[in-house]
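Same order as they appear, the protein sequences are chains A and B. For the first sequence, the working numbering assigns the number 1 to the initial residue and increments by one for each residue that follows. For the second sequence, the working numbering assigns the number 687 to the initial residue and increments by one for each residue that follows. Taking it in order: structure first as structure tokens, then the write-up.
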Amino acid sequence: MNVFSTACPRNCYSTCSFKVHVENGKIVNIDPHSENKATPEGVCLKGLAYIERANSKDRILYPLIKNKKTGNFEKISWSEVLKIISEKINYFKNEFGNHSILFYAASGMSGLLNSFSHNFWEMIGGATTMYGNLCWPAGLEATRLTLGENKHNVPWDIENAKLIILWGKNSAESNIQEMIPIEKAQVNGAKLIVIDPRRTPSSERADLLVQIKPGTDAALALGIVNLLIETELVDYEFINKHVTGFDEFKKSVKKYTPTKVAEITGIDAVHIYRLAEIIGKTKPMTLIAGYGMQRYTNGGQTVRSLLTLSVLTGNIGKKGASWQYANLQSYIFDDIKEPESYYPSINPNALFRRKISMAKLGEDMLNISNPKLKMIWVERGNPITQNPDTKLVMNAFRGLDFRVVVEQFLTDTAMEADIILPAKNMFEQTDIIGGYWNPYVQLKPKVVEPAGEVKPETEIYYLLAKQMGFSDEKIKKYLIEPGEEAIEEYLKNKLSEFPDLDWEKLKQEPQMPNQVEEIAFEDLKFKTPSGKIELYSEQAAKIWNVNPLPEYNPIKENDENTPEFPLYFMSPNSKNRIHSQFNNLEMIKLLSPESFVTINPEDANIRGIIDEDKVEIYNNRGYVKTTAKLDYSIKKGCISMTNGWWIKQGGTTNFLSKARETDMGFGTAFHDNKVEIRKIERLQKK
Amino acid sequence: MNKQKIFQFDINKCVGCQACIIACIIENQTEQPIHWRDVNTFNKNHHPDLPVFYHSLACNHCQDAPCLNNCPALAYSKDIISGAIVHNQNKCIGCQYCTWACPYDAPKFNIEKGVIEKCTFCLHRTEEGLKPACANLCPTGALDYIEKPEIVNNKNIFAFTDININPSINFIPLRNEKTVEIIPEFKHIEIKNSKSKIESKISAKKEWPLIVFTLLMAVLASYFTAFSFYKINFNPHIFLITITLASVFSIFHLGKKYRAYRAIFNIKKSWLSREILFFGMFFILSISQIIFKQNIYLQILAVISGILLLLSIDKVYSLAIQSTNLELHSAHVFLSGFLFLSIFIENYILLSLLIVLKSALYIYRKYYFWKKDKDFKIFQSAWRLDLLISFPLFFWIFDFSHLNLFIFISIFIGEIIDRIEYYNELDIITPEKQMTNYFTSKS
Chain A
1 MNVFSTACPR
11 NCYSTCSFKV
21 HVENGKIVNI
31 DPHSENKATP
41 EGVCLKGLAY
51 IERANSKDRI
61 LYPLIKNKKT
71 GNFEKISWSE
81 VLKIISEKIN
91 YFKNEFGNHS
101 ILFYAASGMS
111 GLLNSFSHNF
121 WEMIGGATTM
131 YGNLCWPAGL
141 EATRLTLGEN
151 KHNVPWDIEN
161 AKLIILWGKN
171 SAESNIQEMI
181 PIEKAQVNGA
191 KLIVIDPRRT
201 PSSERADLLV
211 QIKPGTDAAL
221 ALGIVNLLIE
231 TELVDYEFIN
241 KHVTGFDEFK
251 KSVKKYTPTK
261 VAEITGIDAV
271 HIYRLAEIIG
281 KTKPMTLIAG
291 YGMQRYTNGG
301 QTVRSLLTLS
311 VLTGNIGKKG
321 ASWQYANLQS
331 YIFDDIKEPE
341 SYYPSINPNA
351 LFRRKISMAK
361 LGEDMLNISN
371 PKLKMIWVER
381 GNPITQNPDT
391 KLVMNAFRGL
401 DFRVVVEQFL
411 TDTAMEADII
421 LPAKNMFEQT
431 DIIGGYWNPY
441 VQLKPKVVEP
451 AGEVKPETEI
461 YYLLAKQMGF
471 SDEKIKKYLI
481 EPGEEAIEEY
491 LKNKLSEFPD
501 LDWEKLKQEP
511 QMPNQVEEIA
521 FEDLKFKTPS
531 GKIELYSEQA
541 AKIWNVNPLP
551 EYNPIKENDE
561 NTPEFPLYFM
571 SPNSKNRIHS
581 QFNNLEMIKL
591 LSPESFVTIN
601 PEDANIRGII
611 DEDKVEIYNN
621 RGYVKTTAKL
631 DYSIKKGCIS
641 MTNGWWIKQG
651 GTTNFLSKAR
661 ETDMGFGTAF
671 HDNKVEIRKI
681 ERLQKK
Chain B
687 MNKQKIFQFD
697 INKCVGCQAC
707 IIACIIENQT
717 EQPIHWRDVN
727 TFNKNHHPDL
737 PVFYHSLACN
747 HCQDAPCLNN
757 CPALAYSKDI
767 ISGAIVHNQN
777 KCIGCQYCTW
787 ACPYDAPKFN
797 IEKGVIEKCT
807 FCLHRTEEGL
817 KPACANLCPT
827 GALDYIEKPE
837 IVNNKNIFAF
847 TDININPSIN
857 FIPLRNEKTV
867 EIIPEFKHIE
877 IKNSKSKIES
887 KISAKKEWPL
897 IVFTLLMAVL
907 ASYFTAFSFY
917 KINFNPHIFL
927 ITITLASVFS
937 IFHLGKKYRA
947 YRAIFNIKKS
957 WLSREILFFG
967 MFFILSISQI
977 IFKQNIYLQI
987 LAVISGILLL
997 LSIDKVYSLA
1007 IQSTNLELHS
1017 AHVFLSGFLF
1027 LSIFIENYIL
1037 LSLLIVLKSA
1047 LYIYRKYYFW
1057 KKDKDFKIFQ
1067 SAWRLDLLIS
1077 FPLFFWIFDF
1087 SHLNLFIFIS
1097 IFIGEIIDRI
1107 EYYNELDIIT
1117 PEKQMTNYFT
1127 SKS
């Protein structure tokens, strides 16, 4: 048996290091990797489920083509399938232009080799591509505008905090290892405050849970800040030295009086005073903001508002004092970092027409013209399940002439394909990954041969280029040769810019690049136009057309304008999945067999719903059918169903979501979503 | 010598992620839906006045393990070095009596294999100096495997059963037992368990062959006693057929019928072994007596083994009625035996006394259930009492022909009802139930 050091490449905070045991060419077991100080106890249950995922009987192991008559997928050889795809690409290219092909890639697997996908489309003369992102750009942009960079203290520094605020983050499910330093801090007497409409496992050991009305977080933050200023609980020395725009900001937050904020947020004024006192007097404070609350139409301004709490109390750049949103310090290979890498292209004649919004995929695909879209290539993503307004996305998909999906499993998106190409898994090709929480650069080596006829994407593109008749020279320029040798050479070359990162050492354990600051902004240098922390941001006004100062704006779907759909619909992540990945596995189904909606018993009562009733959640975009679970964990007026359920499992929550962009960063505001619920069937008593 | 190691569970650190369950499934390749480890949740519906916490439990490898003590087939053994309680599938007869004996729901019955399986303490790993898979892979470090401390803390832990069996688990209790303060405050909400009931491990529906067996034993033992000492009319054919049938029923529920002989291996400790032994003796002695006729020693021995059989049957079940804990129970087969005996010998004074005694016990038991807010079915109970009192009285007053037969049938049906109720009342402590019981106790 061989044991390899590796790291999980999912779109997840933790980016755990782990050791994988390989026997007879199969993944057989997993061990923790204690060298990663952020994930010393090992991976989460999904990571463990790789044992099943890598060897699953449901995995797609060879190219499939849809039989137009029966609708079933049938096995096809690589040579045939490459021929079909290359003919199609050439046809669309010649007949309608390169821009008639949409290249859609999402966050299913991270790694440096992903850039070769982009290179392929560049080589063939361009394509239409996506701009924006489903996840976190509003908060990234908010942080960038304020602090100049997205970085924060290392995760294990949380244990030095005396006050920890989890604002809209449920670490216990979405970043379980963060609970380790939080617990350590609590043992040392730190206070934990959670602000979330849901009572989550992360809030169980907290001192205080503030169940705020969704979308009103900015108002609460600014209300607290206003009191901090009034009661002189701000750090003037820090503000004078390192902050710009304080005077304008001070004036603008005066309107967030406790009474007004109480009205907006549903949190009594007395508690706003209390929060201000705790935040003003307990230092150091680590404020950890989640991604959920910035997926609203006011998300960017909300995150800017929250950030002022850390800034005005001087909780930046010190031990235990940190604003934690995203830590991109390990993204050392990227020329442009998120969120700027998400921006659309301005030049209409560019090779790549970056004109399809992640947030508005369905709508944009249907509406784009000159040329219209004819073909889509999907990899590392499941847009049917995960992009907003599923019905529209599905219509857009079905309106195309030709769909290629590269996948490991028969997802909702793969089911819509004309051709499915079998995707590699994380153990079948070497790559290097970073993370957006811990600061490590990690090597994820190839430890098994690709299963069945699986080929890594780099190889698929290489063979496709050959099939399309590109010259060896051109292929060499854009793509990478099949086989580990070329990949190792490519990655080593990448590493050569960073002498502190050693290939052999990376094979053993994660590495922290020299440039990583364990305490971010310790030098108090900020890459903003003014070089200071910007409360007042001209850039914000210029780029995003928002108030240069952080402010509270009501979300689009609120109590006033959508009375027919009175419930706030929350679609958070679950510990059992990463978005729509993992929930087809038997191990995961054992723990989480079917979807359900969490509803407050009072809301259920009004609607005659009892526990375990079959219910329909609906609005004017669509509906989903699921089972009601009555639970006091959810704030009255909200209901919650985790996202990522496949359609055949009772999903997807995106049948209900509206395709909208966030106020900044080209994020996706699908949490701005109101619904109604009704009983459709009562479970017969056994 | 290495110090013994035990599980440690820090309730503060566990967030209920269930990775331990997956780790165990992978390591031990258990066939789903069976999983040896489970994570039970307190306050599943998030009552605002109470905290939510979790217990991750598998086998606790108790020093005084009830599974080992009660297994009739000696399928369990203790690994001296590690202290692990090891279950040997080749010795298991699949009677599932250990699932009644264990308060931690550790032994799991594999229907396909017909035998029990359970946590091995990952002996194959610990022997190599590794931690058990669950403790090795807990992502928050809540579950661990540590050197046994001087004082093992597992008494008075919320919702963790302590029946003095010295489980090999050390708890780090909650730092703060209070629930998180929630804003805005909730108005008062009554604490009550949700409607969905936890399915009991024992029920009349599942264990009907045992109901048939135990009641038939009461009838046969009393019939034989009546024949031996009171010289009643005795039909040897009916007796032989019935007792053979009963023995078939008794092994009917075993997962491994061909290993039934192992059931008497634990006479020293297990009442189940004793029951089977006395049944075997009664079977052989009574048949020998019928064949050899009028051998007084055989007769006395057969009657004694019949009585001991009934007593040990009641002892076997007393293990599983911990929640009610009635020393003398109206459904005890020992009493049923006497009842039938009084009918067979037509001693109506004795019969009346027994009917009064049984009715009193029955009413007391129902009162107890009614008070405890447990399942109480008034019509069923009325029928049961009618069959015991009113019907026989009616037959007697109106002087039915075949009076005895009518009384017997009426009382026998009554006993069936009583026995069915008894089986449905049987109540085994499980961690899941402890969580709900503890929850209700907070109301």
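All C-beta atoms, glycine included, are put in the ideal place defined by N, C-alpha and C.
Closest to residue i by CA distance: which of the options is it?
{"i": "A/Asn298", "options": "A/Asn558, A/Cys638, A/Glu612", "result": "A/Asn558"}
{"i": "A/Gln294", "options": "A/Thr286, A/Ser305, A/Asn605", "result": "A/Ser305"}
{"i": "B/Ala709", "options": "A/Asn36, A/Gly47, A/Lys318", "result": "A/Gly47"}
{"i": "A/Ile84", "options": "A/Glu485, A/Asp418, A/Asp196", "result": "A/Asp418"}
{"i": "B/Lys689", "options": "B/Cys808, B/Ile767, B/Ala946", "result": "B/Ile767"}
{"i": "B/Asn756", "options": "B/Leu1005, B/Ile1102, B/Arg1051", "result": "B/Leu1005"}
{"i": "B/Ile877", "options": "A/Asp672, A/Thr662, A/Thr642, A/Tyr632", "result": "A/Tyr632"}
{"i": "A/Ile336", "options": "A/Asn349, A/Ser357, A/Gln511, A/Glu149", "result": "A/Glu149"}
{"i": "A/His242", "options": "A/Ile182, A/Ser530, A/Val261, A/Val20", "result": "A/Ser530"}
{"i": "B/Pro922", "options": "B/Ser933, B/Tyr909, B/Val934", "result": "B/Tyr909"}
{"i": "A/Cys12", "options": "A/Phe92, A/Met394, A/Asn438, A/Asn24", "result": "A/Asn438"}
{"i": "A/Phe18", "options": "A/Arg660, A/Thr6, A/Gln511, A/Lys26", "result": "A/Thr6"}
How big is the Cα-Cα spacing for residue i and residue j?
{"i": "B/His1015", "j": "B/Tyr790", "result": "26 Å"}
{"i": "A/Ile432", "j": "A/Lys679", "result": "49 Å"}
{"i": "A/Ile158", "j": "A/Ile267", "result": "27 Å"}
{"i": "A/Ile124", "j": "A/Asn98", "result": "8 Å"}
{"i": "B/Phe965", "j": "B/Phe938", "result": "15 Å"}
{"i": "A/Lys686", "j": "B/Glu885", "result": "Only weak support exists for where A/Lys686 lies, its pLDDT of 44 falling under 50; the value from the coordinates is given anyway. Each residue's Cα considered, the two are about 11 Å apart."}
{"i": "A/Ala520", "j": "A/Lys318", "result": "8 Å"}
{"i": "A/Ala321", "j": "B/Ala770", "result": "47 Å"}
{"i": "A/Ile555", "j": "A/Phe569", "result": "13 Å"}
{"i": "B/Val725", "j": "A/Val454", "result": "37 Å"}
{"i": "A/Leu373", "j": "A/Leu102", "result": "7 Å"}
{"i": "A/Pro601", "j": "B/Arg1070", "result": "40 Å"}
Does residue i come within less than 8 Å of chain A when only Cβ atoms are used?
{"i": "B/Glu867", "result": "yes"}
{"i": "B/Cys757", "result": "no"}
{"i": "B/His741", "result": "no"}
{"i": "B/Lys699", "result": "yes"}
{"i": "B/Ile797", "result": "no"}
{"i": "B/Val905", "result": "no"}
{"i": "B/Gln1120", "result": "no"}
Is the shortest distance between the beta-carbon of residue i and the beta-carbons of chain B less than 8 Å?
{"i": "A/Ser595", "result": "no"}
{"i": "A/Met1", "result": "no"}
{"i": "A/Lys575", "result": "yes"}
{"i": "A/Arg199", "result": "yes"}
{"i": "A/Asp672", "result": "no"}
{"i": "A/Tyr440", "result": "no"}
{"i": "A/Glu183", "result": "yes"}
{"i": "A/Asp268", "result": "yes"}
{"i": "A/Asp177", "result": "It is Gln, not Asp, that sits at residue 177 of chain A in the sequence shown. True, the Cβ-Cβ gap to chain B drops below 8 Å."}
Residues in the stretch 48-71 of chain A having any Cβ partner in chain C nearer than 7 Å: The structure shown contains no chain C; its protein chains are A and B.
Inside the stretch 694-741 of chain B only - beta strand (DSSP E) runs reaching at least 3 residues: 724-728
The stretch 861-872 of chain B / the stretch 906-915 of chain B touching (three or more Cβ pairs under 8 Å): no
Three CB pairs or more closer than 8 Å across the stretch 243-259 of chain A and the stretch 317-330 of chain A: no
Ordered list of beta strand (DSSP E) runs contained in the stretch 339-388 of chain A, each at least 3 residues: 352-357, 375-379
Entirely enclosed alpha helix (DSSP H) segments - the stretch 403-491 of chain A, minimum 4 residues: 412-415, 457-467, 472-478
Every unbroken alpha helix (DSSP H) within the stretch 769-844 of chain B, with a cutoff of 4 residues, ordered by chain: 783-787, 809-812, 819-822
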